[in-house]
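End of the sequence shown sits at 389 in UniProt numbering; the numbers just go up one at a time, nothing left out. No residue lacks a Cβ here, since even glycine has one placed at the ideal position from N, Cα and C. Structure first, then comments.
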Amino acid sequence: GTSPRRRSVTLPTGSCACSNMTRFAAVLSGALLLPSSAMIHSQKPHWTPKPKAHSAPAEVDVAKSYTGTFIPGTVVPMPSDYEDYTRGHKPWRLFEGDAPGERFAAPQPGPGLPTFDPRERENSKEVFMDASPKDVIGAKCAPGGDAAGHYFYNVWDPEVVPYIVPKSSRNFKPVSVVVAPGGGNIHLAWEAEGIAAAEWLNSIGVSAFVLKYRVPHNSSEVRIMDGQRAVILVRSKAKEYGLDPNKVGFMGSSAGGSLAVEVGMKTKVTYNETDSLDGQTSPHPNFLLLLYPGLSLNDFKKEGLELLPKVFLAYARDDPCCPAFITSILGKMAKVSSKEAVNVHEFPHGKHGWGSCDYYPQLKGLDNCNWHALAEDFLNEHVFGNKKR
């Protein structure tokens, strides 16, 4: 039989190229040629109520159920709540009131895909939908030009979705990681670079917090605000769950990787304080896990690089979206400038957007798909305090 098609879910208001790709309106308006086979799923979107944000949910121990099929194009079992971006976890809203920062209108990322205009919020609702190869970033950067899972568009309400390992778990570690999916600052590649990372971290005893940061944007300011606030919120609640507030990391893929770097190079919030947490809690992560980050040469400023925490960096030499020569500069300059450990892995093949390779079976056998083991070695040695395996 054929795999079930995925549906679009539009939420009521309430992977990626390099970090600067959204600045090129010509690309977004169609200058980049799409594959002739590109098709967007035409099933009618359905409305679903947005889960209420809880400031202090119980420890996460969500029972999973599956449909007996696989997410289309992958070897990942299809969960019964596939259309729910929270997967049963109660999200934490980052800001009590309106999120700070200014938003700007953005062109359509592809034919038939959502538009965004902050002046017309009713016509620019948050959309969680099947990843479409008509999205210019996905067409260029996702493995095979067709991303697996869902994309998040038009994010208004930044949140983290907590995947907290209960203290009673055999392999529990008092470590937290904020996870930022990529998406070229146009969308968020939710499963392959968000949920998959959280589930891997949980498997090694680490609590994860998938960041739903604001997209689209033509500058990095609002996403940095969201990233910093996520670190603050996770750190402020760490002790409630037996987590160490001094072991809060930030993981990012592609555009999420550039966000991680930007957050890692700042020790003070970039926005006016919204509450007492912003003034009392550090927004600076203790370590970074970076997969093929989207960077520009403007990111390499000595005063910022000196502030970088411990870094794990993995990328492929044949990356068509975020040039390896720029990524390699980050690794080299970080090793010179930072006083912390910097662990760099350059793979000969793998291109871009691999996330969890389970979402892209065609990548099986490539060295880049071993990044989990390398990252775990890094964590064991530099974060968990264990000897290298």
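Hey, is the segment 313–323 in contact with the segment 347–355, meaning 3+ C-beta pairs nearer than 8 Å? yes
Please classify Q362: is it buried, with 16 or more other beta-carbons within 10 angstroms of its beta-carbon, or exposed? exposed
Among residues of its own chain, excluding the 5 on either side of L366, which ones have a beta-carbon nearer than 6 Å to its beta-carbon? H349 and G350
Does the contact criterion of 3 or more C-beta pairs under 8 Å hold for the segment 150–164 versus the segment 212–224? With a cut-off of 8 Å, the segment 212–224 and the segment 150–164 count as touching, because enough Cβ pairs lie within range.
For N343, three-class secondary structure by DSSP: strand
Buried or exposed by the 16-neighbour rule on C-beta atoms within 10 Å, applied to E159: buried
Please name the residue in A260, I195 and E340 whose C-alpha comes closest to that of H382. Across the set A260, I195 and E340, the C-alpha of E340 shows the shortest separation from the C-alpha of H382.
Continuous alpha helix (DSSP H) stretch holding E159: start and end: Careful: E159 lies outside any alpha helix (DSSP H), inside the beta strand (DSSP E) at E159 to Y163.
Just confirm the distance between the C-beta atoms of G183 and A255, as a whole number of angstroms; I'd bet it's less than 8 Å. That pair is a contact at about 6 Å.
Specify the secondary structure class of P77 as computed by DSSP and reduced to three states. Under the three-state reduction of DSSP, P77 is assigned to strand.
Identify whether A260 lies in helix, strand or coil by the three-state DSSP scheme. A260 sits in a helix when the DSSP states are folded into three classes.
Hey, P79 and Y360 are a contact pair by Cβ (cut 8 Å); roughly how many whole angstroms apart? The C-beta distance from P79 to Y360 rounds to 18 Å, too long to meet the 8 Å contact threshold.
Cβ-based burial, L297 [other Cβ within 10 Å; buried from 16]: exposed
Is the CB-CB distance between V222 and G101 below 8 Å? yes
P111 versus Y85 - alpha carbon distance: 24 Å
Output the distance between the C-alpha atoms of S258 and L291, rounded to the nearest integer angstrom. 9 Å
Is the CB of D98 under 8 Å away from at least one CB in chain B? No chain B is present in this structure, which holds just one protein chain.
Residue environment, D135, which counts as buried when at least 16 other CB atoms sit within 10 Å: buried
Does the distance from the CB of G205 to the CB of N246 come in under 8 Å? no
For V67, three-class secondary structure by DSSP: Strictly speaking, residue 67 in this sequence is Thr, with Val absent from that position. Three-state DSSP puts T67 in a strand.
Reduced DSSP category for D117 - H, G, I as helix; E, B as strand; rest coil: Looking at D117 - three-state DSSP - the assignment turns out to be coil, as it is neither helix nor strand.
Straight-line CA distance for V127 to P114? When only Cα atoms are considered, V127 and P114 end up about 8 Å apart.
Distance between A189 and S37 (C-alpha atoms, nearest Å): Unreliable positioning characterises S37 in this predicted model, as indicated by a pLDDT of 29, which lies under 50. The coordinate reading is nonetheless provided below. Using only the alpha carbons, I get a separation of about 21 Å.
Presumed contact (8 Å Cβ cut-off) between D191 and A148, rounded CB distance: Asp is not the amino acid found at residue 191; the sequence shown has Glu there. Their Cβ separation, rounded to whole angstroms, is 7 Å, which keeps E191 and A148 in contact under 8 Å.
Under the rule that 16 or more other beta-carbon atoms within 10 Å means buried, what is K239, buried or exposed? exposed
Using the rule of at least 16 other Cβ atoms within 10 Å of the residue's Cβ for burial, across every protein chain shown, is Y66 buried or exposed? exposed
What is the rounded straight-line gap between the Cα of A266 and the Cα of R103? Checking the displayed sequence, the identity of residue 266 turns out to be Lys instead of Ala. So the two alpha carbons sit approximately 22 Å from each other.
Tell me W156's beta-bridge partners as DSSP assigns them. W156 pairs with nothing; no bridge assigned.
Beta-carbon spacing of T285, V263 below 8 Å: It should be noted that the sequence gives Pro, not Thr, for residue 285. One thing to note: P285 has its Cβ within 8 Å of the Cβ of V263.
Proximal residues to S124 (C-beta, below 6 Å), its chain only, five neighbours per side dropped: F116, D117 and N154
So, N343 versus V311, is the Cβ gap smaller than 8 Å? yes
Any idea what DSSP makes of Y241, helix, strand or coil? helix
For G105, does the three-state DSSP call read helix, strand or coil? Position check: residue 105 holds Ala in this sequence, whereas Gly was assumed. Of the three classes helix, strand and coil, the one that applies to A105 here is coil, per DSSP.
Assuming V136 is part of the beta strand (DSSP E), what are its boundary residues? Unbroken run through V136 is the alpha helix (DSSP H), V136 to C141; no beta strand (DSSP E).
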